[in-house]
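For reference, the structure discussed in these notes is given below.
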Amino acid sequence: MKANDGNWYLFTADGTAASKVAPWSGTYYYFDPVTHLRVDNDYVQSQWGNWYMFGNDGRIVTGPVTWYGSNYYFDPTTYLKVTNRWINDKYYGSDGRQAVSQSEKINNKFYYFDENGSIIRNQFKKINGGTYYFGDDGAALIGLHVIDGKNYNFASDGQLLGKTYGKIENGKFNIYDATSNKLLKTLDSGDWENLADSFDSSSINNIDGYLSYADWYRPYGTSQDGKTWHKTTASDWRPLLMYVYPSKDVEAKYIKYFVSNGYTSTDYGLTKDNVANLSQDTDSATLNKYARNLRFVIEKSIAINKSIGSLAKDINKFMTTIPELSAKSELPVEYSHGYVPDRSGSIDNNQLVFVNNNSSNQTKGNTSYADSNYRLMNQTINNQTNNDSSDHSPELLVGNDIDNSNPVVQAENFNWEYFLLNYGKLMQYNANGNFDGFRVDAADNIDADVLDQLGQLMNDLYHTKGNQVNANSHLVYNEGYHSGAARMLDGKNNPELYMDAGYFFTLENVLGRNADKRDSISNLVTNSLVNRANDVTENTATPNWSFVTNHDQRKNVINQIVIDNHPGVPDIMSGSYKPEYVQEAWDEFYADQAKTDKQYAQHNLPAQYALLLSNRDTVPQVYYGDLYNETDQYMKTKSMYYDAITTLMKARRTFVNGGQTMTKLNNNLIASVRYGKGVSDVSDKGTDSLSRTTGMAVIVGNNPTMSEQVVQINMGVAHANEQYRSLINSTDNGLTYDGMGSAFLTTDSKGILRVTVKGYSNPYVNGYLSVWVPVISGAQNAQTNAQEVHNVLGKTFASNAALDAHMIYQDFSLFQPKPTTINNHAYNVIKANASLFNQLGITDFWMAPAYMPFNTSHYHEGYAMTDRYNLGTTDNPTKYGSGEELADAIAALHQAGLKVQEDLVMNQMIGFSSQEAVTVTRADSSGKQFNVDGQTFANQIYFGYTRGGGQGQQDYGGKYLGELNQKYPDLFTTKAASSGVAPDPNTRITEWSAKYENGTSLQNIGVGLAIKMPNGYYAYLNNGSNKTFNTTLPDAIASTDYYANKADL
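Note that full-length UniProt numbering gives residue 521 to position 521 of the sequence shown, counting from 1, and the numbers run on in steps of one.
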């Protein structure tokens, strides 16, 4: 029906508005799943996954249709787009487009379609510089043919050859007449020895059959003067760029570059003056002559150096000067007009997405081995089924983006998670050295299916649903900065903890900034997931964790200093990044942190932790770098805030429990009160034996000039006439801590605590901070254990006093250096200090991502991992230590009463060892095609590093799927929400490759490296498993006929 707003809607039998494909009046229409408006003239995906075209009137299209300038054909029966089919003497290719004014390879035959889309027959046609003849059936002729009484010889790709052809026979080059096959001449040696020694992978480097300008080959022979030629050996390989060039312009630049870099000869005219004017306008014969002579000079250099090392360096340096052969061809954002470096250190929109390519057209290439039926991009957070774009996060971040919508990958995730949860046992290390749970990295940027599946695995293994004891023993907490994730997790009964990033920003904006830029103090009460004005509920808030800072936020600060120190350097976070710049930034940061007036370091860090560590309805996380110097050996040097933060950490276990009230005392000051165990609010007298001796008041101000005044803090009737001491208090010089000049105050008969406050300005306090706790004798534990709380049916995590009792410790900094001795291995230091962590009140240990990192990553940490299963060996440890040391550290933490969570990095892998020819499109972080200063590219063959995973992946990838399938079959029968397909337990990933990936961040390889022939075909070597196209190689290295027709007869 047509609504009042003029739009068309369809209502189903139950009265709801139709969504996606719906039948009506003998045909089909498509309705937008969000707006429910009828969609006209668009090609859209149905709810069952197929794509259909809907016309101007909204009806589904059949037959021929023109859309965005191309012709397509839709099957009248299935309504699907026709691909790789003849229809009425027209041909529709692999992408469905009708072939028009182009050549197509169909069933290994070459055809040409005119401007009307009709194949041409019985005529010559010049295409991309080559001449072809198309016969009666429209296919290009190959071999010897008589046409109009004349003899012609056509190459295997259909190109017309000259009057002669050549063969290498018995080590000599024989030239024959093309029509009579008569031997015309035999050459013992000569330029024909530029030909490859053999036309297979033993003599020609290739990537999945495709040739790269960056690759090398073995010529049949080499010469230093063009007269004497030497047969090559298996070790005599040369760069293809000595013989083959993408254009005359590049050939001219190659000659000039090498001459300017010392490859000179007056005998051959190779001087700077002689080659200065070479350009793309120079005739080919002249350029080829110079290039030939340059080869002789290069061979002399190789003979003198007895090595090709210098040549390799020079050819690589030359390629960096050619945009189409270098990183700049990938259109990095940092070189775009007006770009300002981002302190995150990465550029979200520097992405390539992998594109399915099963073309039979050699001008388009074929990378079908890398194709995928999945790659369901951006189905993150609440957009899991691709119908809620209100709050979702882009798919692509950094490195090779793993396709977590792929059922094979999803099964591999189960295998990997199971491996980590049983690490010590499976590796036959310490049997108690197994992880208990996970911190999920970049949870907002991965297909939400894998979060469901992780929760399912944890429940199958540990029975965490509806069981608070088991859930609290196996924390899983997600990293994410999107508020919509809370709604997602609530809707799924909270299989993981939500990260309350909003609270981090509130602390930063209210307390961490310079005084003149701070937000209202009242934001501390309301601007987070939990409104703490009067927080007395149980099992109501979204279970969450929160923090003051972490490794990423500290990295951002250091990067900002580096950027500020190097203005006008757009690639300071990439190509121009240097370790010494980082060290300089750290020196500045430490000096800045110790100042009263800070530029980069946060103000009021103790005050922020005082609030964090006393808050209700959250699990606080303490950062390693706030306790220890981040660039010294592990735990060697304490930070300036160590005493303040650890005082609060220890007090948390002793005092923090009960209801919470945050009150704005004035425009500069708030008070946060925890009433004590068993005490919900000011009027509650308490139900627990520790009600009176527990509780805490935190008073925080953000104005360093606040005048002295007395404020009243209502501790509640349970604490009437009770003596309190200052756990932490502000002074002119900093802070006093527990046992260091503590002040004592007593509440009145109504429980009112009167505190004198004023503003302070020093390196520790820029405003005000004091923390007050009851005076007690002896030790006590205020925390609630999981046995004391009620289970919630079907719910995994619940925000209650038992969850609040947790404290997460992030045990690493990105910048911690490599250890200088085995004793300094982080794992060994952790093991030795396990009891200290318990004394500090830590319950959960967030372990650094332990995986083997890419050796050229900035930080040498496991977020840049190359092998998921290699957590370090004795001979090759990570910067944290070996896997055996890790297991021992975990066991020691367990012995001390802590649980240990591993950083689970499902989003990306970095530094794969092997290249793969993949089809790519330049994209943004959402995988959409992206323009940089008006430039872009699509559907290009790219030699990405997409294959690998290391020995660990080979040994353990998929190893436990059979066991998991037998014990927990539900894991492999539960269909994923995004794809409707269950994880696949039958395929082991022992090596990662592009078919399991969505794309990659720019790899600085160059997008123009794939060699193309003059006719537009990709050069290709049909050898081994590479069978897609016939061997099609550049004449200079492969065509005997080329040299036969050049010979002087």
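Backbone N, C-alpha and C define an ideal beta-carbon position, used for all residues, glycine too.
Beta-carbon spacing of V717, V771 below 8 Å: One-based indexing of the sequence shown puts residue 717 at position 717. One-based indexing of the sequence shown puts residue 771 at position 771. Going by C-beta atoms, V717 is not nearer than 8 Å to V771.
Between the CA atoms of G734 and P763 - distance to the nearest angstrom: Counted from its first residue, the sequence shown places residue 763 at position 763. Counted from its first residue, the sequence shown places residue 734 at position 734. Straight-line Cα distance between these residues: approximately 7 Å.
Unbroken alpha helix (DSSP H) run spanning W586, endpoints: Looking up residue 586 in the sequence shown gives position 586. Unbroken alpha helix (DSSP H) run through W586: 579-593.
Presumed contact (8 Å Cβ cut-off) between Q98 and N128, rounded CB distance: To locate residue 98, count along the sequence shown from 1; it is residue 98. To locate residue 128, count along the sequence shown from 1; it is residue 128. At roughly 20 Å, the Cβ-Cβ gap does not stay under 8 Å, so Q98 and N128 are not in contact.
In chain order, each alpha helix (DSSP H) run of at least 4 residues that lies wholly inside the stretch 309-343: Whole alpha helix (DSSP H) segments, 4+ residues: 309-320.
Backbone secondary structure at A1019 - three-state DSSP: Residue numbering aside, residue 1019 sits at position 1019 when the sequence shown is read from its first letter. Coil, per DSSP.
Any alpha helix (DSSP H) of 4 or more consecutive residues that is wholly inside the stretch 493-578: The qualifying runs are 501-507, 523-526, 551-565.
C-alpha distance - W846 paired with H551, whole-angstrom precision: Indexing the sequence shown from 1 puts residue 846 at position 846. Indexing the sequence shown from 1 puts residue 551 at position 551. Between W846 and H551, the C-alpha separation is close to 12 Å.
Bridge partners - E104, DSSP secondary structure assignment: As a working mapping, residue 104 is identified with position 104 in the sequence shown. In DSSP, E104 forms a bridge with Y111.
For S914, the first and last residue of its enclosing beta strand (DSSP E): Counting from one through the sequence shown, the residue named residue 914 turns up at place 914. Run containing S914: 914-923, per the beta strand (DSSP E) assignment.
Opposing strand residues paired with R238 [DSSP bridges]: Against the sequence shown, residue 238 aligns to sequence position 238. Paired residues: Y217.
For Q456, three-class secondary structure by DSSP: As a working note, residue 456 is residue 456 in the sequence shown. Note: Q456 maps to helix in three-state DSSP.
Inter-residue Cα distance where the pair is P620 and H806: Along the sequence shown, read from residue 1 onward, the residue named residue 620 stands at position 620. Along the sequence shown, read from residue 1 onward, the residue named residue 806 stands at position 806. Rounded to the nearest angstrom, the two C-alpha atoms are 7 Å apart.
Proximity to S913 [Cα-Cα], best of N400, V100, A13: Counting from 1 along the sequence shown, the entry for residue 913 is found at position 913. If you compare the alpha carbons of N400, V100, A13 with that of S913, the shortest gap goes to N400.
Contacts around W51, its chain only, beta-carbon distance under 8 Å, and the 5 residues preceding and following it disregarded: One-based indexing of the sequence shown puts residue 51 at position 51. The answer, listed in chain order, is Y43, V44, Q45, L80, K81.
Range covered by the alpha helix (DSSP H) that runs through N470: Reading the sequence shown from its first residue, position 470 is the one you call residue 470. 468-472 is the span of the alpha helix (DSSP H), which, as asked, contains N470.
Closest by C-alpha distance to Y152, when choosing among D136, I175, S180: Looking up residue 152 in the sequence shown gives position 152. Nearest C-alpha to Y152: S180.
Proximal residues to G338 (C-beta, below 8 Å), its chain only, five neighbours per side dropped: Indexing the sequence shown from 1 puts residue 338 at position 338. No residues qualify anywhere along the chain.
Proximity of F1029 and N1022 at Cβ, strictly below 8 Å: As a first step, residue 1029 is located in the sequence shown; it is residue number 1029 there, counting from the start. As a first step, residue 1022 is located in the sequence shown; it is residue number 1022 there, counting from the start. Contact flag set, yes.
N- and C-terminal bounds of the beta strand (DSSP E) containing L183: Counting from 1 along the sequence shown, the entry for residue 183 is found at position 183. Residues 183-187.
Touch test, the stretch 1032-1039 against the stretch 935-949, Cβ-Cβ under 8 Å, three pairs minimum: no
Reduced DSSP category for D177 - H, G, I as helix; E, B as strand; rest coil: Start at 1 with the first residue of the sequence shown, and residue 177 comes out as number 177. DSSP places D177 in strand when its eight states are reduced to three.
Inter-residue spacing [alpha-carbon to alpha-carbon] between D1048 and G190: Looking up residue 1048 in the sequence shown gives position 1048. Looking up residue 190 in the sequence shown gives position 190. Just so you know, the alpha carbons of D1048 and G190 end up roughly 11 Å apart.
Test item: CB-CB of Y634 and P819 under 8 Å: Here residue 634 refers to the residue found at position 634 of the sequence shown. Here residue 819 refers to the residue found at position 819 of the sequence shown. Cβ atoms of Y634 and P819: closer than 8 Å.
Own chain partners of Q1003 with C-beta closer than 7 Å, once the 5 adjacent residues on each side are dropped: For the purposes of this step, residue 1003 is identified with residue 1003 of the sequence shown, where counting begins at 1. Answer for Q1003: G944, Y945, listed in chain order.
The stretch 775-782 touching the stretch 835-854, judged by at least three CB pairs closer than 8 Å: no
Beta-carbon proximity check, I255 vs A291, cutoff 8 Å: Taking the first residue of the sequence shown as 1, we reach residue 255 at position 255. Taking the first residue of the sequence shown as 1, we reach residue 291 at position 291. Cβ atoms of I255 and A291: closer than 8 Å.
Inter-residue Cα distance where the pair is N657 and V773: Position 657 of the sequence shown holds residue 657. Position 773 of the sequence shown holds residue 773. Taking the straight line joining both Cα atoms gives about 12 Å.
Of the listed residues V21, D592, T27, nearest to H36 (C-alpha basis): Taking the sequence shown and counting its residues from 1, one reaches residue 36 at position 36. That would be V21, whose Cα lies nearest to the Cα of H36.
Burial state of D452, where buried means 16 or more other Cβ atoms lie within 10 Å: For the purposes of this step, residue 452 is identified with residue 452 of the sequence shown, where counting begins at 1. Buried, by the Cβ-count rule.
One or two residues paired with P64 in a DSSP bridge: Translated into positions along the sequence shown, residue 64 becomes position 64. DSSP links P64 through a beta bridge to Y73.
S672 (DSSP reduced to helix, strand or coil): Looking up residue 672 in the sequence shown gives position 672. In the structure shown, S672 sits in a strand (DSSP, three-state: E or B).
D867, DSSP secondary structure in three states: Stepping through the sequence shown from its first residue, residue 867 is reached at position 867. Three-state result, D867: strand.
DSSP-derived helix/strand/coil call for R947: Here residue 947 corresponds to residue number 947 of the sequence shown, with the count starting at 1. Looking at R947 - three-state DSSP - the assignment turns out to be strand.
Proximity to K975 [Cα-Cα], best of S405, N116, D188, A18: Working through the sequence shown from its first residue, we reach residue 975 at position 975. With distances taken between Cα atoms, K975 lies closest to S405.
Residues near Q123 in its chain [Cβ-Cβ closer than 8 Å; skip 5 each side]: If you number the sequence shown from 1, residue 123 lands on position 123. The answer, listed in chain order, is Y133, F134.
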